[in-house]
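Numbering (the working numbering), first residue to last: -18 to 243.
In structure tokens:
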């Protein structure tokens, strides 16, 4: 992708700073190019990213474009800081297109400094219902939504920071026995209804149980602090960092589940 074209896209997207709700209308061809180029970068990089601190970890954005711009205002625009986003870029909010386009543009411009994981809403069966499909159809067409679906199917699903912090959108899985299983997950892929990939994007911690439990979402599991400690000890990790709820959740060895807004 031509560097001048990419910079122009980023600059136009950033013009909405300080103007909450302002739409930025990229062309369909520009958006297609963002999807196609970023998709190739995702596939060139591993499914379990191996990253180094310092890096800023960010939770669900859900189409709240003004929040994303404010986040960059506080944390610094790339490449002033390295970023890892934990998924759920689209749906619910009114500006999923601006949100995902800026994130993909930064991924293309700074592929070794800016990282995006897959959330459960980066899945056609979910964002078909919760807003992204309708936004694509209203502002462009259904074909463009399908281009995004192909891109989302290539996103990595987890990251390991300094070999000690495991990050994903959802949580642990009873099927996860070693980290090579994450590395070996095939892409491109849709999100299945059960299994390791589903759990990494859907499961939730619970203070109220031990072991594995039913999930009120109707998908995947909940897991207790005992499972967190067991997993961390087995893999010599310090903590698990996940999103999927209002706060990013830090799961630590001490059997405590700490909610922190990072």
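Every residue gets a Cβ at the ideal spot worked out from N, C-alpha and C, and that includes glycine.
For this session: Report yes if the C-beta distance between residue 113 and residue 140 is below 8 Å; otherwise report no.
Result: Cβ distance not < 8 Å, so residue 113 and residue 140 don't count as in contact.
For this session: Assuming residue 36 contacts residue 65 (C-beta within less than 8 Å), just tell me the rounded distance between them.
Result: Sure, about 5 Å apart at Cβ, within 8 Å.
Exercise. If you pair each beta-carbon of the stretch 100 to 114 with each one of the stretch 155 to 174, do three or more pairs fall below 8 Å?
Worked result: The stretch 100 to 114 makes contact with the stretch 155 to 174: 3 or more CB pairs, one atom from each, lie closer than 8 Å.
Problem set entry | Identified DSSP bridge partners for residue 66 | In the DSSP output, where bridge partners are listed per residue, residue 66 has 39, 97.
For this session: With residue 147 as the anchor, note down where its beta strand (DSSP E) starts and where it stops.
Result: Unbroken beta strand (DSSP E) run through residue 147: 146 to 149.
Exercise. From which residue to which residue does the alpha helix (DSSP H) around residue 214 run?
Worked result: Per DSSP, residue 214 belongs to the alpha helix (DSSP H) from 206 to 216.
Exercise. Between residue 91 and the rest of its own chain, which residues show a CB-CB distance below 6 Å, the 5 nearest in sequence each way excluded?
Worked result: Cβ neighbours of residue 91 within its own chain (closer than 6 Å, five residues either side excluded): 59, 60.
Problem set entry | residue 122 versus 148, 2, 8, residue with shortest Cα-Cα distance | Comparing Cα-Cα distances from residue 122 to each of 148, 2, 8, the minimum goes to 8.
For this session: Would you kindly work out how many angstroms separate the C-alpha atoms of residue 179 and residue 156, rounded to a whole number?
Result: The straight-line gap from Cα to Cα measures roughly 10 Å.
Problem set entry | Contact check, residue 4 vs residue 44, beta carbons under 8 Å | Contact flag unset, no.
For this session: Pull up the DSSP beta-bridge partners for residue 193, would you.
Result: Residue 193 is bridged to 204.
Problem set entry | Beta-carbon contacts of residue 138 that lie in its chain and below 8 Å, excluding the five residues immediately before and after | Result list for residue 138: 28, 29, 98, 99, 149, 150, 163, 166, 178, 181, 182, in chain order.
Problem set entry | Candidates -3, 47, -13: closest to residue 19 by CA position | Of the listed residues, the one whose Cα sits closest to residue 19 is -13.
For this session: State the DSSP-derived secondary structure class of residue 119, mapped to helix, strand or coil.
Result: Helix.
Problem set entry | Nearest-angstrom Cα separation, counted from residue 94 out to residue 63 | If I take the Cα positions, the gap works out to 5 Å.
Exercise. Distance, Cα to Cα, residue 6 vs residue 136?
Worked result: In a straight line, the C-alpha of residue 6 is about 24 Å away from that of residue 136.
Exercise. Count the other CB atoms within 10 Å of the CB of residue 72; is the residue buried (16 or more) or exposed (fewer)?
Worked result: Its Cβ being crowded by 16 or more others within 10 Å, residue 72 is buried.
For this session: Would you tell me roughly how many angstroms separate the C-alpha atoms of residue 226 and residue 101, rounded to the nearest one?
Result: Using only the alpha carbons, I get a separation of about 11 Å.
Problem set entry | residue 186 versus 214, 210, 152, residue with shortest Cα-Cα distance | Distances from the alpha-carbon of residue 186 to those of 214, 210, 152 put 152 closest.
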